[in-house]
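*Asks:* I am attaching a structure below and will ask some questions about it afterwards.
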Amino acid sequence: MRVTKRRSPLSDSNVAVQTSVHEDVHRPELLHHFADPQQQRNSASLGMWIFLATEVMFFGGLFCAYLIYRNWYYADFAAASKSINAALGGTNTAVLICSSLTVVLAIWAAETSRRALMLAMLALTMFFGLGFLGIKGVEYHDKFVEHHVPGPSFSFEHEQIPGHPGQYANPQHAEIFFALYFIMTGLHALHMIVGLGIFTWLFVMAWKGRFTPEYHTPLEIGGLYWHFVDIIWIYLFPLLYLIDRHP
Amino acid sequence: MATTTIAPAERENYLNKEYGLGSWLLTTDHKRIALLYLISITFFFFIGGFFALLIRLELLTPAGDLVQADTYNKLFTQHGQVMVFFFLIPSIPAVLGNFLVPMMIGAKDLAFPRINLLSWYLYIAGGALMMHAMLTGGVDTGWTFYTPFSTAFSNTKVIEAGLAIFIAGFSSILTGLNFVVTIHRMRAPGMTWSRLPLFIWAHYATSIIQILGTPVIAITLVLVVAERALHLGIFDPKLGGDPLLFQHLFWFYSHPAVYIMILPSMGVVSEIIACFARKRIFGYTFVAISSLSIAVFGFLVWAHHMFVAGISVYAALVFSLLSYSVAVPSAIKVFNWTATLYKGSIHYDAPMLYAFGFLGLFTIGGLTGLFLACLGVDMHVHDTYFVIAHFHYIMVGGALMGYLGGMHFWWPKISGKLYPEGWARLAALIVFIGFNLTFFPQFILGYLGMPRRYYQYPPEFQVLNVLSTAGATVLGIGYLLPMIYFLWSMRYGKPAPDNPWNAAGLEWQTQSPPTTFNFEKEPVVTWEAYNYDEIDAGHKEEVPVVG
Amino acid sequence: MSVHATSSPLKTYFAVWVTLLIGTFLTYEVAKIDLGVFNSAVALTIACIKALLVALFFMHLRHASEKLLKVVVISTLFFLFILLSLSMADYATRGTGASTVSFLIAHIKAILPA
Chain X
19 MRVTKRRSPL
29 SDSNVAVQTS
39 VHEDVHRPEL
49 LHHFADPQQQ
59 RNSASLGMWI
69 FLATEVMFFG
79 GLFCAYLIYR
89 NWYYADFAAA
99 SKSINAALGG
109 TNTAVLICSS
119 LTVVLAIWAA
129 ETSRRALMLA
139 MLALTMFFGL
149 GFLGIKGVEY
159 HDKFVEHHVP
169 GPSFSFEHEQ
179 IPGHPGQYAN
189 PQHAEIFFAL
199 YFIMTGLHAL
209 HMIVGLGIFT
219 WLFVMAWKGR
229 FTPEYHTPLE
239 IGGLYWHFVD
249 IIWIYLFPLL
259 YLIDRHP
Chain Z
362 MATTTIAPAE
372 RENYLNKEYG
382 LGSWLLTTDH
392 KRIALLYLIS
402 ITFFFFIGGF
412 FALLIRLELL
422 TPAGDLVQAD
432 TYNKLFTQHG
442 QVMVFFFLIP
452 SIPAVLGNFL
462 VPMMIGAKDL
472 AFPRINLLSW
482 YLYIAGGALM
492 MHAMLTGGVD
502 TGWTFYTPFS
512 TAFSNTKVIE
522 AGLAIFIAGF
532 SSILTGLNFV
542 VTIHRMRAPG
552 MTWSRLPLFI
562 WAHYATSIIQ
572 ILGTPVIAIT
582 LVLVVAERAL
592 HLGIFDPKLG
602 GDPLLFQHLF
612 WFYSHPAVYI
622 MILPSMGVVS
632 EIIACFARKR
642 IFGYTFVAIS
652 SLSIAVFGFL
662 VWAHHMFVAG
672 ISVYAALVFS
682 LLSYSVAVPS
692 AIKVFNWTAT
702 LYKGSIHYDA
712 PMLYAFGFLG
722 LFTIGGLTGL
732 FLACLGVDMH
742 VHDTYFVIAH
752 FHYIMVGGAL
762 MGYLGGMHFW
772 WPKISGKLYP
782 EGWARLAALI
792 VFIGFNLTFF
802 PQFILGYLGM
812 PRRYYQYPPE
822 FQVLNVLSTA
832 GATVLGIGYL
842 LPMIYFLWSM
852 RYGKPAPDNP
862 WNAAGLEWQT
872 QSPPTTFNFE
882 KEPVVTWEAY
892 NYDEIDAGHK
902 EEVPVVG
Chain G
516 MSVHATSSPL
526 KTYFAVWVTL
536 LIGTFLTYEV
546 AKIDLGVFNS
556 AVALTIACIK
566 ALLVALFFMH
576 LRHASEKLLK
586 VVVISTLFFL
596 FILLSLSMAD
606 YATRGTGAST
616 VSFLIAHIKA
626 ILPA
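Chains as they are written, first to last, in this note's numbering: chain X, 19 to 265; chain Z, 362 to 908; chain G, 516 to 629.
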């Protein structure tokens, strides 16, 4: 008995539907405990969205800490924020936006059997990701050289508070900014690195021809993860880099 | 729903399908993973219990004469950390939930079996790191890791313990994720939401908390580790930080965490009461919705742990009000369980004894929570033994009783053997008596002013402390008994029928023990949950007394 | 997830991409103008719009086959909002009055007999 239609999971229908427990031997990707590919795909998608929900809460704690201290020490945070490179931050934002585009194009290519385009878009996504990390590396290096890395060699003396000539930022409070800056962007970069790992694996799978218009679930859920990393950066950029950029 | 006769020869099941360490350590069968968890959490229960024993021994006398003060700090810290993170939070979801959720909804496995195995390995990794931390110096910050002591002053293995809990937290998150996707996507045809066992609703609600709350404590521990390692000032007032920020972030998870610990137990109690009163749970919809309400409301009350820590009085008022409201869904459940018993056909098998114990003890614990929600009273009893008694009534008198009741109820299904009923009832009674003897005196002690986390106390408190320690000994015996007779039953117990309790629920339609894929054919559900009237109408005989 | 309502998803993707880049540029430039307290509001509003575009169109939330995924997103944002707002409820009202303990002590003293 072939698989017949499954009622929508949230329905409260009393009608019993017969389904098959036979595995589809022509679909090696169909795992044994799923009744049909649609169920498997929907489960993978829901699973990834829920995982992203956990990631939102994970970063959320950092945003909470950041918002509280930004409120408490606004002037010092503004001074510290001014010392990080907004042009590089903005460029990185654009880089990630482009990488999100290449991800959806890669999925579209898989849906329309365009193998070369799919591989090209996956490679381009990784290129953008590496670019992001490279620019981040430059930023971190700058901060290291300027002694803005929290720790024993931290120094933030005589930094003017933006808009208040003659007033200087409290180095302790500025150190809190930089601690949060490094932890937040560092955690984000870590997620990027994991994303690059995932996309490397996706590229290899794509190269081997594992993706078809009917089955490209790993691409879809890898893409969801990548877009999420992009969204986190969309918030990090204005919050960290643009506290007070008035000339 | 006939009870089949005892199978003569051993049928193939998930236990005997494959032998060998590899078949267990690389399994993706949710039932085997449940047993892996059972062994691991029992191990940690012994570790946590060992620390409790030392605490109670020290508190036999008013002077601090058994251990040094620093050692005592490590004892209560590690008792709390091990019991909370490595026993209570996984316990029912990882053992009973893993085993039963797929079967109760008519599925072959969880949605993500390999992630399920990964969950267990993460738990083991976290547990191993925690054992290492405890063996190479311990932690003395209290299970609550309050800053700046944990970040700037403690000389113990805070970083290791923090990382251990961080890792174990991901085990919890992945289990919750697995359950939510499974319950949404893998229900058998006809298994609509309103036909789900309340055990499933309880685990769904628990999983929501695990998913949304655990990441917050994960990031908090990351911040603590970073602050400690790099001497940052995020939580250190001397460096401009706010210690209360830590407490806000910590309790944002740790309060909902207590609902992670109690909700699954409530699910177990629903199943047991329905079966042993031979009645559909009264107010099924209310109980289901109240599970979700507890999950949601539980996230709104965390700062009631911080009333005297320095939060603003306005925030305290808000959280006090919210804390009163979170008691309402729990009370609704207790009323519904009680109403279920009314005019039910009650059987006093061991699982039911545990459920009765749960009802009384959880109610006491919950009511004392209302005392604590009152700002004026909290100021008096915060950080005293009143608080300790309150949460032990819920976590031990509630959650642990539910766990034990559930283990007894489903033991025939899990092991294919019957436990000795006489011993089980005795053990339940011993646990109940021992528990009350241990913890009721602590309410009085706390009200009289004995602080928590102190290894010495004024001599006038000694009588109550001695009673408490005596109770703890009795309680320990009560816990040892099931471990002994469960193990005994695996070898010498009578083979169990497929449905020894004549219970409702898809899990009882499987073999005892079940085959690897649970069902020969995908079930099609056309009946309501807890259809005991239908079940009992077809059978005139009593529920067989097993053991 | 494989059904796209628009006849040409490519057009949508490129339109969203351009909008996102414009939004980034706007954020950067507006930050240089002094709007007082509204600087953060503007920046965060643009960020929210960008995030919404990514979620709805790039993550295909708009055409999700069932409401469940949207429920997941909205619930998550709700709980994040709870974390931020209830914490701020404490921080925003500190220093404006007594701490809980001193408040209670003062009131208890007031009603106790001398």
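Idealized CB from N, CA, C, for every residue including glycine.
Mapping the DSSP letters down to three states, classify threonine 120 of chain X as helix, strand or coil.
*Replies:* Assigned with DSSP and collapsed to three states, threonine 120 of chain X falls in helix.
*Asks:* Under 8 Å between the Cβ atoms of isoleucine 595 of chain Z and alanine 83 of chain X?
*Replies:* yes
*Asks:* Along the region 117 to 144 of chain X, what residues have a CB closer than 8 Å to any CB found in chain G?
*Replies:* Ser118, Leu119, Val121, Val122, Leu123, Trp126, Glu129
*Asks:* By the criterion of Cβ-Cβ separation under 7 Å, what are the contact partners of histidine 191 of chain X in chain Z?
*Replies:* Gly601
*Asks:* Let me know the secondary structure DSSP gives tyrosine 259 of chain X once reduced to three states.
*Replies:* helix
*Asks:* Look at the alpha carbon of alanine 430 of chain Z and the alpha carbon of threonine 517 of chain Z, and state the distance between them as a whole number of angstroms.
*Replies:* 14 Å
*Asks:* Could you check how far apart the C-beta atoms of threonine 701 of chain Z and isoleucine 794 of chain Z are, in whole angstroms? I think they sit under 8 Å.
*Replies:* Rounded, the Cβ-Cβ distance is 26 Å, inconsistent with contact.
*Asks:* Can you tell me the Cβ-Cβ gap for threonine 543 of chain Z and alanine 455 of chain Z, rounded? I've got them flagged as a contact below 8 Å.
*Replies:* Actually they do not touch by this definition, with Cβ atoms about 14 Å apart.
*Asks:* I believe proline 463 of chain Z touches histidine 391 of chain Z by the beta-carbon criterion, under 8 Å. Please report the beta-carbon distance rounded to the nearest angstrom.
*Replies:* 6 Å
*Asks:* Counting pairs of beta carbons, one from the region 234 to 247 of chain X and one from the region 523 to 530 of chain G, are three or more of them closer than 8 Å?
*Replies:* no
*Asks:* Check whether the Cβ of tyrosine 84 of chain X lies closer than 8 Å to any Cβ atom in chain G.
*Replies:* no
*Asks:* When we look at the beta-carbon of valine 585 of chain Z and count the other beta-carbons within 10 Å, is it buried (16 or more) or exposed?
*Replies:* Buried.
*Asks:* Is the number of C-beta pairs between the region 689 to 699 of chain Z and the region 613 to 622 of chain G that are closer than 8 Å three or more?
*Replies:* no
*Asks:* Whose CA, out of Z/Phe696, Z/Met811, Z/Met844, Z/Tyr709, lies closest to the CA of histidine 743 of chain Z?
*Replies:* Z/Met811
*Asks:* What separation, rounded to the nearest whole angstrom, lies between the Cα atoms of arginine 372 of chain Z and phenylalanine 69 of chain X?
*Replies:* 39 Å
*Asks:* Leaving aside the five residues before and after serine 706 of chain Z along the sequence, list all residues of the same chain whose C-beta is less than 7 Å from its C-beta, in chain order.
*Replies:* Ala638, Arg639
*Asks:* With 8 Å as the threshold, decide whether the Cβ of asparagine 60 of chain X is near any Cβ in chain Z.
*Replies:* yes
*Asks:* What would DSSP say about threonine 745 of chain Z, mapped onto helix, strand or coil?
*Replies:* strand
*Asks:* Scan the region 542 to 554 of chain Z for residues whose Cβ lies nearer than 7 Å to a Cβ of chain X and list them as they occur along the chain.
*Replies:* Those would be Val542, His545, Arg546, Arg548, Pro550, Gly551, Thr553, Trp554, in chain order.
*Asks:* Using a Cβ-Cβ distance cut-off of 8 Å, determine whether histidine 616 of chain Z contacts chain X.
*Replies:* With 8 Å as the cut-off, histidine 616 of chain Z does not count as an interface residue toward chain X.
*Asks:* What do you reckon, are the CB atoms on serine 522 of chain Z and histidine 51 of chain X nearer than 8 Å?
*Replies:* The sequence given here has alanine at residue 522 of chain Z, not serine. The answer is no: Cβ separation not under 8 Å.
*Asks:* Taking beta-carbon pairs under 9 Å, can you tell me which members of the region 566 to 592 of chain Z lie near chain G?
*Replies:* Ile569, Ile572, Leu573, Gly574, Val577
*Asks:* Anything in the region 725 to 749 of chain Z with a Cβ closer than 7 Å to a Cβ of chain G? List those residues in chain order, please.
*Replies:* Leu736, Gly737, Met740
*Asks:* Go through its chain and collect everything with a Cβ distance to histidine 176 of chain X's Cβ below 8 Å, but skip five positions before and after it.
*Replies:* Tyr186
*Asks:* Compare the C-alpha of phenylalanine 460 of chain Z against each of Z/Glu889, Z/Ser873, Z/Ile896, Z/Ser555 and name the closest.
*Replies:* Z/Ser873
*Asks:* Among G/Val557, G/Phe553, G/Gly551, whose alpha-carbon lies nearest the alpha-carbon of leucine 541 of chain G?
*Replies:* G/Val557
*Asks:* Looking at the structure shown, is glutamine 571 of chain Z part of a helix, part of a strand, or coil, going by DSSP?
*Replies:* The three-state reading of DSSP puts glutamine 571 of chain Z in helix, counting H, G and I together.
*Asks:* For serine 776 of chain Z, which option in Z/Arg813, Z/Thr876, Z/Ala711 has the closest C-alpha, if you only look at C-alpha atoms?
*Replies:* Z/Thr876
*Asks:* Quick check on the burial criterion: 16 or more other C-beta atoms within 10 angstroms. Buried or exposed for phenylalanine 847 of chain Z?
*Replies:* buried
*Asks:* Quick check: what's the CA-CA separation for methionine 495 of chain Z versus tryptophan 554 of chain Z?
*Replies:* 44 Å
*Asks:* Give a yes or no on whether the C-beta atoms belonging to leucine 576 of chain G and lysine 585 of chain G are separated by under 8 Å.
*Replies:* The answer is yes: Cβ separation under 8 Å.
*Asks:* Hey, could you find the ends of the alpha helix (DSSP H) glycine 78 of chain X is sitting in?
*Replies:* 55 to 90
*Asks:* So, threonine 120 of chain X versus phenylalanine 146 of chain X, is the Cβ gap smaller than 8 Å?
*Replies:* yes
*Asks:* With H, G and I counted as helix, E and B as strand and the rest as coil, what does DSSP make of lysine 855 of chain Z?
*Replies:* coil
*Asks:* Below 8 Å between beta carbons: does that hold for phenylalanine 822 of chain Z and leucine 806 of chain Z?
*Replies:* yes
*Asks:* Could you tell me which residues DSSP pairs with proline 812 of chain Z in its beta bridges?
*Replies:* Z/Thr745
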